[in-house]
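Peer 1: Structure in structure tokens, see below.
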Amino acid sequence: MKVDNLEIKIFDTRKEMGTDAARLVADKIRELQVSKDTLNIIFASAPSQNEFLDALKEEEGIAWEKINAFHMDEYVGIPADAPQNFGYFLKVRLFDFKPLKSVNYLDGNAADLDAECKRYAQLLLDNPTDIVCLGIGENGHLAFNDPHVAFFDDPQVVKQVELDDACRQQQVNDACFDTFNEVPATALTLTIPTLMKAKYAFCIVPGEKKAQAIAHTVEEDIQELYPSTILRNHPNAILFIDKASSGMLKEISSYSQA
513 MKVDNLEIKI
523 FDTRKEMGTD
533 AARLVADKIR
543 ELQVSKDTLN
553 IIFASAPSQN
563 EFLDALKEEE
573 GIAWEKINAF
583 HMDEYVGIPA
593 DAPQNFGYFL
603 KVRLFDFKPL
613 KSVNYLDGNA
623 ADLDAECKRY
633 AQLLLDNPTD
643 IVCLGIGENG
653 HLAFNDPHVA
663 FFDDPQVVKQ
673 VELDDACRQQ
683 QVNDACFDTF
693 NEVPATALTL
703 TIPTLMKAKY
713 AFCIVPGEKK
723 AQAIAHTVEE
733 DIQELYPSTI
743 LRNHPNAILF
753 IDKASSGMLK
763 EISSYSQA
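Counted from 1, the sequence shown has number 721 at position 209 by the numbering used here; the numbering is strictly sequential.
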């Protein structure tokens, strides 16, 4: 089905969802690598991406040596080798397995966080994004753009943000941290316009805890209170959801068919 520009694909299981998302991302990479010497791809770091990343590793015919890899957000103050560190998450699930042209980590432990934001912003400006693979938070955030800092016309490329309580609680719900107080209160994030500049967006969102966010994404007016609604304005975006995360949507027949 399709809502505004956003194509939506619903699957019975997380595994089917992740496998199909990986296939379509791999198809786009294989298409682009024919005519491009370099591809720039941003990846999300979250348990919601596990099935997708596992399947993407198995896809054949990808010229990984042409890919510059980026990630979209990072906690401030989490050790680089901690399981909760987003760069480390991608390192052990994907980056270590493939001969990438470059891996570009956002450093939440930098001595000067403003300088780190500027450094990473310049990398992204120098390497325009071809593909972004992202998720949606329980509060509708994209990357760490929680509703109170999700500006659709944000002039910044990368910025430091204070995380809202719903975002921090999600990290406990996802079993990334044992308690709320362990979750860092600040993070670095690519902004909404930065994410939306990707030529192609693939959004993978499984699980019943995301059902309300998916309903908002699809059914609310496009607005910063529900950051993920901006995906409906993207010219080449696909939303992959499973039966659980689609559970609060209206009857499918009420939407236009893609």
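C-beta: ideal position from N, C-alpha, C; glycine also.
Measure the alpha-carbon distance for Ser765 versus Asn748 and round it to whole angstroms.
Peer 2: Here residue 765 corresponds to residue number 253 of the sequence shown, with the count starting at 1. Here residue 748 corresponds to residue number 236 of the sequence shown, with the count starting at 1. Bear in mind that a pLDDT of 48 at Ser765, under 50, signals an unreliable position, so the model cannot answer this.
Peer 1: I'd like the span of the alpha helix (DSSP H) that includes Ile726, first residue to last.
Peer 2: Within the sequence shown, residue 726 is the residue found at index 214, counting from 1. Ile726 -> alpha helix (DSSP H) spans 723-731.
Peer 1: Shortest alpha-carbon distance to Gln668 belongs to which of Asp690, Ala633, Asn639, Phe656?
Peer 2: Here residue 668 refers to the residue found at position 156 when the sequence shown is read from its first residue. For the residues Asp690, Ala633, Asn639, Phe656, the minimum Cα distance to Gln668 belongs to Ala633.
Peer 1: Our contact map puts Pro739 next to Leu654 with C-beta atoms below 8 Å; I'd like the distance itself, whole angstroms only.
Peer 2: Within the sequence shown, the letter at position 227 stands for residue 739. Within the sequence shown, the letter at position 142 stands for residue 654. So it is a contact: roughly 5 Å between Cβ atoms.
Peer 1: Within 10 Å of its beta-carbon, does Pro595 have 16 or more other beta-carbons around it, so buried, or fewer, so exposed?
Peer 2: Here the question's residue 595 lines up with position 83 in the sequence shown. Looking at its Cβ environment, which holds fewer than 16 other Cβ atoms inside 10 Å, Pro595 is exposed.
Peer 1: Specify whether the stretch 564-578 and the stretch 656-666 touch according to this definition: at least 3 beta carbon pairs, one from each stretch, less than 8 Å apart.
Peer 2: Segments in contact, no.
Peer 1: Nearest-angstrom Cα distance between Arg744 and Leu761?
Peer 2: As a first step, residue 744 must be located in the sequence shown, where it is residue number 232. As a first step, residue 761 must be located in the sequence shown, where it is residue number 249. Straight-line Cα distance between these residues: approximately 16 Å.
Peer 1: For the stretch 514-590, which segments carrying the beta strand (DSSP E) assignment without a break, of at least 3 residues, lie completely within its bounds, in sequence order?
Peer 2: Listed in chain order, they are 518-523, 551-555, 579-583, 585-587.
Peer 1: Given Thr550, which residues of its chain have a CB within under 7 Å of its CB, disregarding the five upstream and five downstream residues?
Peer 2: If you number the sequence shown from 1, residue 550 lands on position 38. Counting only Cβ-Cβ distances below 7 Å, and skipping sequence neighbours, we find Lys578, Asn580, Lys613.
Peer 1: When burial is assigned at 16 or more other CB atoms within 10 Å of the CB, is Ser768 buried or exposed?
Peer 2: By 1-based counting over the sequence shown, the position of residue 768 is 256. Note that Ser768 has pLDDT 49, beneath the 50 cutoff, so the model's placement of it is unreliable and no number is given.
Peer 1: Among Glu628, Ala687, Gln683, Cys645, whose alpha-carbon lies nearest the alpha-carbon of Gln672?
Peer 2: Against the sequence shown, residue 672 aligns to sequence position 160. Checked all of Glu628, Ala687, Gln683, Cys645; the closest Cα to Gln672 is Glu628.
Peer 1: For a quick check, are the C-beta atoms of Val695 and Ile753 less than 8 Å apart?
Peer 2: Locating residue 695 in the sequence shown gives position 183, counting from the first residue. Locating residue 753 in the sequence shown gives position 241, counting from the first residue. No; because the gap between Cβ atoms is not below 8 Å, this pair is not in contact.
Peer 1: Do the CB positions of Cys645 and Val537 come within less than 8 Å of each other?
Peer 2: The sequence position of residue 645 within the sequence shown is 133, counting from 1. The sequence position of residue 537 within the sequence shown is 25, counting from 1. Result yes, Cβ atoms of Cys645 and Val537 sit closer than 8 Å.
Peer 1: Threshold first: 4 residues or longer. Then list the alpha helix (DSSP H) segments lying entirely within the stretch 683-756, N to C.
Peer 2: List check, alpha helix (DSSP H) in window: 704-708, 723-731.
Peer 1: Considering just the uninterrupted stretch of the alpha helix (DSSP H) at Glu628, what are its terminal residues?
Peer 2: For the purposes of this step, residue 628 is taken as residue 116 along the sequence shown, with counting starting at 1. Where Glu628 is concerned, the enclosing alpha helix (DSSP H) stretches over 625-638.
Peer 1: Could you tell me which residues DSSP pairs with Ile643 in its beta bridges?
Peer 2: Translated into positions along the sequence shown, residue 643 becomes position 131. Answer by DSSP bridge pairing, in chain order: Ile553, Tyr712.
Peer 1: By the 10 Å Cβ neighbour count, where 16 or more other Cβ atoms means buried, how is Phe564 classified, buried or exposed?
Peer 2: Taking the sequence shown and counting its residues from 1, one reaches residue 564 at position 52. Phe564 should be labelled buried.
Peer 1: Contact defined as beta carbons within less than 8 Å: I believe Ala710 pairs with Ile643. What is the distance between those atoms, to the nearest angstrom?
Peer 2: For the purposes of this step, residue 710 is identified with residue 198 of the sequence shown, where counting begins at 1. For the purposes of this step, residue 643 is identified with residue 131 of the sequence shown, where counting begins at 1. 6 Å between Cβ atoms; contact.
Peer 1: Assign Glu519 to buried or exposed, taking buried as 16 or more other Cβ atoms, counted over all protein chains shown, within 10 Å of its Cβ.
Peer 2: Along the sequence shown, read from residue 1 onward, the residue named residue 519 stands at position 7. Glu519 is exposed by the Cβ-count criterion.
Peer 1: Provide the residue span of the beta strand (DSSP E) that contains Val673, from first to last.
Peer 2: Taking the sequence shown and counting its residues from 1, the one referred to as residue 673 is at position 161. Where Val673 is concerned, the enclosing beta strand (DSSP E) stretches over 670-674.
Peer 1: Quickly, what does DSSP pair Leu654 with across the bridge? List them, please.
Peer 2: Here the question's residue 654 lines up with position 142 in the sequence shown. For Leu654, which the question treats as bridged, DSSP gives the partners Asn657.
Peer 1: Leaving out five residues on either side along the sequence, give the residues of the same chain with a beta carbon under 6 Å from the beta carbon of Arg542.
Peer 2: Reading the sequence shown from its first residue, position 30 is the one you call residue 542. For Arg542, where only same-chain residues beyond five positions count, the Cβ hits under 6 Å are Gly573.
Peer 1: Would you report the Cα separation of Ala533 and Thr706, rounded to the nearest angstrom?
Peer 2: If you number the sequence shown from 1, residue 533 lands on position 21. If you number the sequence shown from 1, residue 706 lands on position 194. Approximately 22 Å between the Cα atoms of the pair.
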